[in-house]
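For the sequence shown, counting from 1, position 57 maps to 40 in our numbering; every step adds exactly one. Glycine included, every Cβ here is placed at the ideal spot set by N, Cα and C.
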Amino acid sequence: MKKTFIFLFTIVLSLVFIGCSDDDDNTPTPIFSEISVSPQKDVYHIGDKIRLTVSQLTETPTVIKAAKYWFYYDYATKAMFVTPTTDTNEFISPEITLTKTGDIELSFWAQYDYTQYRYDGVTKRIILHVIE
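Structural data, given as structure tokens:
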């Protein structure tokens, strides 16, 4: 009888903890377009110069107290911080010169700081094929 009670008590406690929700799942973040590359090509060459653009499609929620935005070209050395344009709400990278061959991953990152030390973000990625 005692083992049955302990077993049932353990199951009830487990269900109580599983039923608790986590408010972080409902943290609002803006919605962004995919990364567009200018000029658009199927294959790029070393030395080609490009710009990346991402548009913010929805307003920034009021619960966000700070935000940072940047593009990555080379994760080791090339983080390019950006701010949105005032008229179109687009994030436009500085000019990037492609210097490596192969499939190159380019990324846009948005990091949001919320109240009570909560953080969240948005990441967009695109892969370009670069040849000599």
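Selection from the options that minimises the alpha carbon distance to residue i
i      : options                         : result
ILE110 : VAL20, THR80 and PRO11          : VAL20
ILE29  : ALA50, LYS51, LYS83 and ASN72   : LYS83
GLY85  : ASP25, THR66 and GLU78          : ASP25
TYR52  : ALA93, VAL113, THR10 and ILE114 : ALA93
ILE114 : TYR27, TYR55, THR66 and ILE87   : TYR27
Residue range of the unbroken beta strand (DSSP E) whose run includes residue i
i     : result
ASP96 : 85 to 97
THR36 : 32 to 38
ILE75 : 73 to 75
Cβ-Cβ separation, residue j to residue i (assumed contact under 8 angstroms), whole Å
i     : j     : result
GLU78 : ARG34 : 6 angstroms
ILE18 : PHE64 : Wrong, their Cβ atoms sit about 16 angstroms apart, outside the cutoff.
Beta-carbon proximity of residue i to residue j, cut-off 7 angstroms
i      : j     : result
PHE74  : VAL37 : yes
LYS48  : THR80 : no
TYR102 : VAL46 : no
PRO11  : PRO44 : yes
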